[in-house]
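In order, the protein sequence lines correspond to chains A and B.
Per numbering that gives the first Met the number 0, the first sequence runs over residues 0 to 280.
Per numbering that gives the first Met the number 0, the second sequence runs over residues 0 to 280.
C-beta atoms are modelled at their ideal positions from N, C-alpha and C, and glycine is treated no differently.
There are 2 protein chains.
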Amino acid sequence: MADKLAEKAVRKAEKLHAKAEKLHTTVDKLAAKAERLQEWADRLEAIELWRRESPGRRQARFTRQDLARAAVALIDAEGADALSMRRLAQELGAGTMTLYHYVRNKDELLVLVGDEVMGEVLVPDLAALPEDWMEAMVVIGTRTRDAMRRHPWMFELNLDPGFGPNSVRHIDQTLHALRSLDADLDVKVDVVLAVDEYVMGYCLHERGALGPGQPPMDDLVAYAEELVAAGGYPTLEALLAGDGGGVVGLWDAFVRTGADDARFERNLRRFLRGIAADLAT
Amino acid sequence: MADKLAEKAVRKAEKLHAKAEKLHTTVDKLAAKAERLQEWADRLEAIELWRRESPGRRQARFTRQDLARAAVALIDAEGADALSMRRLAQELGAGTMTLYHYVRNKDELLVLVGDEVMGEVLVPDLAALPEDWMEAMVVIGTRTRDAMRRHPWMFELNLDPGFGPNSVRHIDQTLHALRSLDADLDVKVDVVLAVDEYVMGYCLHERGALGPGQPPMDDLVAYAEELVAAGGYPTLEALLAGDGGGVVGLWDAFVRTGADDARFERNLRRFLRGIAADLAT
DNA sequence: AGTTGTAGCGGTACGCTGTACGACGTGGCA
DNA sequence: TGCCACGTCGTACAGCGTACCGCTACAACT
């Protein structure tokens with residue numbers, strides 16, 4: 000009798016357990032969905048930044064662009080670390096907390112800064128863009144690279160692709176550059192993204208690349224030898240064993256190639272050629 | 000007489016002024032050179048991180064890799080902002096300042112983290128890399144993308160291309176992948192950099208891209224209308240005027256294309272094709 | 001014209017950060 | 001055995017983002 004009761008209890012417990020597990024997975028799924036929705040909500044909140052125009056009646060001392068421009072100037076001069084709310088306010092001759100009337104938090108300020116820089120990427124005269132889509136993409140890509148060269152700190156800001164007026168205009172202009180490409184919208188968007196990705200990747204690398212100069216090669220070679228001793232560096236090993244310039248030769252090749260100014264356009268054109276060839280099939 | 004004296008004085012002053020100016024430009028030049036050298040010194044100091052092996056005799060509680068692994072786990076779980084020296088120390092069950100015996104400052108810790116992640120990019124078995132250089136590059140590129148998908152916060156760390164063992168191994172492997180490419184070292188390095196740039200650019204974009212989901216389209220359209228009203232958005236304007244899906248259609252195209260899993264390899268292959276075609280001429 | 005609500009401004013304070021400094025105990029060598 | 005330097009870590013400080021809240025002066029209404 001007691002056994003039976005115990006058995007029943009066990010079965011009941013198992014059932015409850017299974018039920019609990021099911022509930023658990025349901026909760027997990029809901030949580031995941033909620034997170035996804037939250038992400039979207041956050042990102043769309045970013046659009047809100049651009050939609051809400053200074054809602055007050057009274058005239059404010061500054062415009063948001065004033066903040067953005069001052070921030071860009073400050074970062075250009077002293078680096079991204081120098082940009083703090085206090086410092087920017089000081090630069091503008093205002094109290095720190097005043098900035099929070101133009102911007103909800105520092106991240107929003109950075110979004111402003113990002114869009115300000117995107118303004119420099121824009122082609123001033125759309126009509127001047129070449130008809131040929133590949134040439135037009137080279138023009139836009141080069142402008143982008145130039146802007147990122149002026150403001151290499153852009154990558155330190157960790158901005159997601161934004162919805163600011165200038166960012167949208169950049170997309171618009173890039174699509175405009177593709178007007179001579181006979182393909183449907185999805186293909187064009189694919190090309191827009193791909194080219195933007197290459198360009199940004201180039202700029203990201205260029206930002207961190209070493210300019211020409213002479214490192215203490217002894218340390219370098221010593222380090223390379225230590226690495227090779229650990230094994231698993233076939234190319235390095237061959238270079239050390241062979242007589243073709245050794246490790247220093249490889250280093251030089253990287254520095255030289257990294258500093259080659261024609262590299263950007265050369266590879267961009269290679270990419271565009273590859274895209275065109277693929278689209279032609 | 001007094002006039003003559005005054006004239007003389009003026010001439011002398013001018014001469015001195017010119018001399019001062021010359022000195023000034025010299026000083027500027029020297030300062031620029033010093034800055035360049037300083038940059039190099041700083042970057043080479045980074046190699047020092049890898050060269051200096053725990054110099055002490057006594058056995059330390061942790062290894063640098065312990066720190067790196069704990070940091071990666073922490074950031075994976077709670078995001079890059081969660082990584083502070085205090086928090087990591089707590090995670091390791093150590094005092095905060097203890098970490099500073101493994102690492103000179105937080106930046107060095109991040110370099111360690113970066114190289115740890117680069118370890119995931121490495122191809123486990125070099126011999127398994129396809130002979131064909133284009134196929135081999137696709138393998139390496141895909142591995143890189145996968146690692147960056149697992150750790151999209153890598154771009155928040157603002158790391159320059161590093162000299163850590165795994166980073167060097169990645170370069171080595173990539174050059175190894177190009178062994179079937181008949182070209183001299185400079186060309187190969189160009190290809191290595193270009194492909195790495197595209198791959199990183201793709202990952203950088205993917206990190207910030209919106210996953211599939213439904214935004215509040217009304218706000219979006221309203222925003223687009225506001226922008227078009229400002230002028231200078233020909234494509235957007237045409238989309239709003241035309242009947243081909245409108246702004247929502249464009250938005251969808253971006254979201255759809257951004258979420259297209261085949262996009263990475265497709266465009267990487269296009270790039271490689273373009274490179275091969277160019278090298279063949 | 002006078003009044004008033006509030007938009008714009010900013011001082012203070014809190015909890016967090018990275019890290020300089022110095023104290024402490026213990027392990028390894030002489 | 002004695003020593004000392006190595007690994008460990010508590011404390012302190014300057015600077016960060018920003019929540020909270022009081023103040024001032026202007027735009028709008030009576």
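Neighbour flag for residue i against chain B, beta carbons, 9 Å
i: HIS204/A; result: yes
i: ILE274/A; result: yes
i: ILE74/A; result: no
i: ASP259/A; result: yes
i: ASP27/A; result: no
i: ARG144/A; result: no
i: ALA193/A; result: yes
i: GLU115/A; result: no
i: VAL220/A; result: no
i: MET84/A; result: no
i: ARG15/A; result: Before going on, a small fix: residue 15/A reads as Leu here, not Arg. Chain B, which has no Cβ nearer than 9 Å to the Cβ of LEU15/A, makes this no.
i: ALA252/A; result: yes
Below-9 Å beta-carbon distance, residue i vs any chain A residue
i: ILE139/B; result: no
i: TYR99/B; result: no
i: GLY78/B; result: no
i: PRO129/B; result: no
i: GLN89/B; result: no
i: GLN58/B; result: no
i: PHE61/B; result: no
i: LYS217/B; result: Here residue 217/B turns out to be Asp, not Lys, going by the sequence shown. Answer no: the Cβ-Cβ gap between ASP217/B and chain A never drops below 9 Å.
i: VAL112/B; result: no
i: ALA33/B; result: no
i: GLN213/B; result: yes
i: GLU119/B; result: no
i: TRP39/B; result: yes
i: ARG265/B; result: yes
i: ALA208/B; result: yes
i: VAL247/B; result: no
i: GLU155/B; result: yes
i: TRP49/B; result: yes
i: MET147/B; result: no
i: GLU107/B; result: no
i: ARG268/B; result: yes
i: GLU196/B; result: yes
Nearest to residue i (by Cα), restricted to the options the options
i: ASP33/A; options: THR280/B, GLN213/B, LEU239/B and THR234/B; result: Note that residue 33/A is Ala in the sequence shown, not Asp. The residue with the shortest Cα to Cα distance from ALA33/A is GLN213/B.
i: LEU203/A; options: GLY230/A, ILE170/A and ARG149/A; result: ARG149/A
i: VAL198/A; options: LEU278/A, VAL120/A and ALA258/A; result: VAL120/A
i: GLY257/B; options: GLU90/A, THR280/A, ALA19/A and VAL191/A; result: VAL191/A
i: GLY140/B; options: LEU177/B, ASP106/B and LEU158/B; result: LEU177/B
i: VAL254/A; options: GLU44/A, LEU209/A and LEU174/A; result: LEU209/A
i: ASP277/A; options: ASP277/B, ASN266/B and THR280/B; result: ASN266/B
i: PRO215/A; options: LEU22/B, ALA45/B, ARG168/B and LYS18/B; result: ALA45/B
i: ARG168/B; options: ALA223/A, ARG10/A, GLU47/A and GLY244/A; result: ALA223/A
i: LEU184/A; options: ASN104/B, ASP195/B and THR234/B; result: THR234/B
i: GLU312/A; options: LEU15/B, ARG144/B, ASP189/B and ALA30/B; result: In the structure as shown, chain A starts at 0 and stops at 280, and residue 312/A therefore has no counterpart that could be examined.
i: ASP134/A; options: TYR232/A, THR173/A and THR25/A; result: What sits at residue 134/A in the sequence shown is Glu, not Asp. The option with the nearest alpha carbon to GLU134/A is THR173/A.
i: ALA261/B; options: VAL186/A, ALA237/A and TYR232/A; result: VAL186/A
i: ALA275/B; options: GLY231/B, LEU238/B, PRO211/B and TRP132/B; result: TRP132/B
Inter-residue CB distance, residue i and residue j (contact presumed, cutoff 8 Å)
i: LEU73/B; j: ARG86/B; result: 7 Å
i: HIS175/B; j: LEU128/B; result: 7 Å
i: ASP114/B; j: GLY78/B; result: Their Cβ separation, rounded to whole angstroms, is 20 Å, which puts ASP114/B and GLY78/B out of contact at 8 Å.
i: VAL112/B; j: ALA70/B; result: 5 Å
i: VAL122/B; j: VAL137/B; result: Going by Cβ atoms, the distance from VAL122/B to VAL137/B rounds to 12 Å, so no, they are not a contact pair.
i: TYR99/B; j: LEU66/B; result: Not a contact, Cβ separation roughly 11 Å.
i: GLU130/B; j: LEU48/B; result: About 36 Å; that fails the 8 Å criterion.
i: GLY200/B; j: GLU20/A; result: GLY200/B to GLU20/A, Cβ: 43 Å. No contact.
i: PHE270/B; j: ARG269/A; result: 7 Å
i: MET117/B; j: SER179/B; result: Not quite, the Cβ-Cβ distance comes to about 24 Å (not below 8 Å), so this is no contact.
i: VAL194/B; j: GLY161/B; result: Not confirmed; about 18 Å, so no contact.
i: PHE154/B; j: ASN104/A; result: Going by Cβ atoms, the distance from PHE154/B to ASN104/A rounds to 21 Å, so no, they are not a contact pair.
i: GLY207/B; j: ASP159/A; result: 3 Å
i: ARG272/B; j: GLY273/A; result: 4 Å
i: ASP171/A; j: TYR232/B; result: 5 Å
- Item | Length at least 3, wholly inside the segment 190-255 of chain A: the beta strand (DSSP E) runs in chain order | As far as the segment 190-255 of chain A is concerned, it has no whole beta strand (DSSP E) run of at least 3 residues.
Would you call the segment 208-224 of chain B and the segment 239-253 of chain B in contact, with 3 or more CB pairs under 8 Å? Per the Cβ contact rule, the segment 208-224 of chain B is in contact with the segment 239-253 of chain B (3 or more Cβ pairs under 8 Å).
Checklist line | Contact between the segment 92-110 of chain B and the segment 59-72 of chain B (3+ Cβ pairs under 8 Å) | finding: The segment 92-110 of chain B vs the segment 59-72 of chain B: in contact.
Completely contained alpha helix (DSSP H) runs for the segment 85-144 of chain B, where each covers 4 or more residues | Counting only runs of at least 4 residues, the segment 85-144 of chain B fully encloses the following alpha helix (DSSP H) elements, listed from N- to C-terminal order: 105-120.
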